[in-house]
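First up is the structure itself, then whatever we jot down about it.
Number of protein chains: 2
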Amino acid sequence: MLTQSTYSTHITEAIEQAQFPTDPPKLYDPIRYILGLSGKRVRPLLVMLGADLFAFEDMESTIPAALAVEYFHNFSLIHDDIMDEAPLRRGAMTVHKKWSENVAILSGDALLVKAYEEIARCTPTKIPALLKVFNRMALEVCEGQQKDMDFETQDLVAEDDYIAMIRAKTSVLLGGALQMGAILADANAEEQELLYQFGVNLGIAFQLQDDILDVYGNPENFGKQVGGDILCDKKTILRIHLQQRVGAQDAVILDNLVSEPDAEAKIQTTKELYAKYEVRAIAEKLKEDYSDRAYEALSKIPVADQQKAALLDLAQNLMVRTH
Amino acid sequence: MLTQSTYSTHITEAIEQAQFPTDPPKLYDPIRYILGLSGKRVRPLLVMLGADLFAFEDMESTIPAALAVEYFHNFSLIHDDIMDEAPLRRGAMTVHKKWSENVAILSGDALLVKAYEEIARCTPTKIPALLKVFNRMALEVCEGQQKDMDFETQDLVAEDDYIAMIRAKTSVLLGGALQMGAILADANAEEQELLYQFGVNLGIAFQLQDDILDVYGNPENFGKQVGGDILCDKKTILRIHLQQRVGAQDAVILDNLVSEPDAEAKIQTTKELYAKYEVRAIAEKLKEDYSDRAYEALSKIPVADQQKAALLDLAQNLMVRTH
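Those protein sequence lines, which keep their order, are chains A and B. So the first sequence is numbered by the numbering used here: it starts at 1 and just counts up by one. So the second sequence is numbered by the numbering used here: it starts at 1001 and just counts up by one.
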């Protein structure tokens, strides 16, 4: 077993060394551009850690699957940014802003195909199983993005529907990445499923934490604007529970906040309502539930504890204490 | 060997029976919609005929690959129609017009993943080879679409570049479909390559013919508006050769035609220039060259002539006499 940072270095090098054609430039320049906006590369790392968990020896052979997951993630960012009309991504211009929507549509498509090219470069006997997991995951991510957009025009969103949305939009990719690693390491179906559940539940907990940190996070290390979700009226887990519990009088206040021009006042009043209806505790509890489920799934995988250290470490880094 | 129409019926039934989820509706309704706008289904038929050529017996097992190709084609239509701002497709509203651009982007993405799901349903031992061919083809189609868009803002396009564009944008899909059939039927690498060349060259000839028919076709059976390419200043093979040969005086006339408001006059003057510079004959010759290359490749495949009858029949149906 190598250290996590060695794997991360491997991944960074593999992405840097990946060769994309130069022609046509409008198809491949945006791909090089988005892959160059270095993110945390958590997802490809999960592929490698998923294989490492089972003491897989041929770690070099996990690189194509790791790249496939990273390419897929970046494809989804390019297309989601068009749909969300986002001007910035990782502090830089989004592809559709830097070039055009057409360029973003088509280079996104090409990057999705590039992800499948990496699947095709995996160990041939593993390709059918990898392809199946990758496809299911990819389709669920599309479903999650559509549900997320549907919620924008929906008055009330149920907790279950919200969880189903974040599961599909962001968490299955973490579970799928880990499962692909497990497949490469010849893990059996039950082990694969447990590792998948670890990733999916950890992903849900992480997203719930993101909703909480948006309101209660430390501005210095949150990495995004605190209160950003409130300002754009995003239906987070806090907002969803507030809407379910709010009294008639406060409901009017809440409705009026949509057109509140003073950002500070909007955030402050929303936080007061969150406090009054004690929604933070509900969200924290839900986050703990999913994080518990994640750790429970991992604990059931029959490998030595030391093999699990890297994954537990990663999970703990993702899960900061918010209270 | 079954007849071509039996295969076509198989394909139509398989598409009708394909189950797509109902939720989220905005993701899957557009997929059902575009697949329901019945096209000619030539591409999935080519997968089956590619296997049939080698007397493959388990024709039922070719259906997933045939569906993959048809899904891919429809994915590319959804996204191309956004990029080309096309209001109509097969006489019906395009997906982005009927729903929205966001819906068209995302349902297109999902349909591309669905195509890969069909690849995953193919005979497992064949999946690595099929995936490789499918990926190469998919990427070239993206490249072709980008080149086509690039040409719109380019003054002069060389014949070679134009051929490379139509090869990538439309012809490799025909070649790839046939090759996938050949892979399923255990054809060797040389046979696969010859069949691929047959499809690609036939596709180029077909596209050149389409350029010619736009100007000289019989309005009653062309299926599109005669002169449509001229009216939207499309860089067809005729236009490209005209621009290369036109004298200084006629070049001014040609430039002014871009802003000619009278459609009849625009078509008439363009046709006069085509006649003066004899570009039709050049285009016809080029079409014949590619069609000859196609037939030559097919003739080299070492199977009995009767096995080739269905493919020759299809090719002859595609290649009408234009002079």
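We put the CB at the ideal spot given by N, CA and C, even for glycine.
Presumed contact (8 Å Cβ cut-off) between residue i and residue j, rounded CB distance
| i | j | result |
| --- | --- | --- |
| L1257/B | K1271/B | Rounded, the Cβ-Cβ distance is 11 Å, inconsistent with contact. |
| D150/A | K1026/B | 7 Å |
| G181/A | G50/A | 2 Å |
| R43/A | A177/A | 5 Å |
| D109/A | H1079/B | 6 Å |
| A1138/B | F1072/B | 6 Å |
| Q1004/B | L1045/B | 7 Å |
| Q244/A | L53/A | Going by Cβ atoms, the distance from Q244/A to L53/A rounds to 39 Å, so no, they are not a contact pair. |
| L242/A | L273/A | 6 Å |
| N201/A | A294/A | 4 Å |
| L1037/B | R1089/B | 7 Å |
| I82/A | I1105/B | 6 Å |
| G203/A | L238/A | In fact, because the Cβ distance is near 18 Å, the residues do not count as touching under 8 Å. |
Residue i: contacting residues in chain A (beta-carbon distance under 7 Å)
| i | result |
| --- | --- |
| Q1145/B | L106 |
Distance between residue j and residue i (C-alpha atoms, nearest Å)
| i | j | result |
| --- | --- | --- |
| K132/A | A1115/B | 12 Å |
| H1323/B | G1247/B | Note that H1323/B scores a pLDDT of 48, beneath 50, so its modelled location is shaky; the value from the coordinates is reported in the next line. Going from the Cα of H1323/B to the Cα of G1247/B covers about 27 Å. |
| E1113/B | T1022/B | It should be pointed out that residue 1113/B corresponds to Val in this sequence rather than to Glu. The straight-line gap from Cα to Cα measures roughly 16 Å. |
| D255/A | F75/A | 36 Å |
| K1276/B | V1226/B | 20 Å |
| P128/A | A1120/B | 6 Å |
| I1282/B | H1010/B | 40 Å |
| V172/A | S100/A | 30 Å |
| A205/A | C122/A | 31 Å |
| S1061/B | I1183/B | 12 Å |
| D250/A | E288/A | 28 Å |
| T1236/B | N1317/B | 22 Å |
| S299/A | Q1192/B | 50 Å |
| Q1019/B | L1035/B | 12 Å |
| H1096/B | E284/A | 40 Å |
| E57/A | A185/A | 8 Å |
| G144/A | A315/A | 23 Å |
| P30/A | A92/A | 12 Å |
| V1279/B | K1147/B | 23 Å |
| V1157/B | P24/A | 14 Å |
| E1190/B | N221/A | 59 Å |
| E1296/B | P1087/B | 40 Å |
| R41/A | I15/A | 10 Å |
| P64/A | Y1216/B | 50 Å |
| E117/A | N1135/B | 6 Å |
| E1013/B | P1302/B | 32 Å |
| L1208/B | N102/A | 26 Å |
Amino acids of chain B, ordered along the chain, whose beta-carbon sits closer than 7 Å to that of residue i
| i | result |
| --- | --- |
| K132/A | A1120 |
| V95/A | None at all; the shortest Cβ gap to chain B is about 13 Å. |
| N135/A | V1113, Y1116, E1117 and A1120 |
| A138/A | V1113 |
| I82/A | I1105 |
| N102/A | M1083 and M1149 |
Partners in chain A for residue i, counting only beta-carbon separations shorter than 8 Å
| i | result |
| --- | --- |
| H1079/B | I105, L106 and D109 |
| P1124/B | P128 |
Bridge partner(s) assigned by DSSP for residue i
| i | result |
| --- | --- |
| M1093/B | L1088/B |
Proximal chain B residues relative to residue i, where beta-carbon distance stays under 8 Å
| i | result |
| --- | --- |
| I127/A | I1127, P1128 and L1131 |
Within chain B, partners of residue i - CB distance below 9 Å
| i | result |
| --- | --- |
| K26/A | Q1146, M1149 and D1150 |
Residue i Cβ short of 7 Å to the ligand ZN heavy atom set
| i | result |
| --- | --- |
| N1221/B | Ligands in the displayed structure: none, and consequently the ligand ZN is not present. |
Within chain A, partners of residue i - CB distance below 9 Å
| i | result |
| --- | --- |
| I1212/B | Within 9 Å Cβ-Cβ: nothing; I1212/B doesn't reach chain A, min ~26 Å. |
Proximal residues, the region 1140 to 1164 of chain B versus chain A, C-beta separation under 7 Å: Here the close residues are C1142, E1143, Q1145, Q1146, K1147, M1149 and D1150.
Positions along the region 1047 to 1068 of chain B whose CB lies within less than 8 Å of some CB in chain A: Cβ contacts with chain A come from no residue of the region 1047 to 1068 of chain B.
Residues of the region 1309 to 1320 of chain B whose Cβ lies closer than 9 Å to any Cβ of chain A, in chain order: From the region 1309 to 1320 of chain B, no residue has a Cβ closer than 9 Å to chain A.
Selection of the region 172 to 183 of chain A by Cβ proximity to chain B, strictly under 9 Å: Within the region 172 to 183 of chain A, no residue has a Cβ that lies closer than 9 Å to any Cβ of chain B.
Under 8 Å (Cβ pairs) to chain A, residues found in the region 1242 to 1263 of chain B: Within the region 1242 to 1263 of chain B, contact with chain A at the beta-carbon level (separation under 8 Å) is assigned to no residue.
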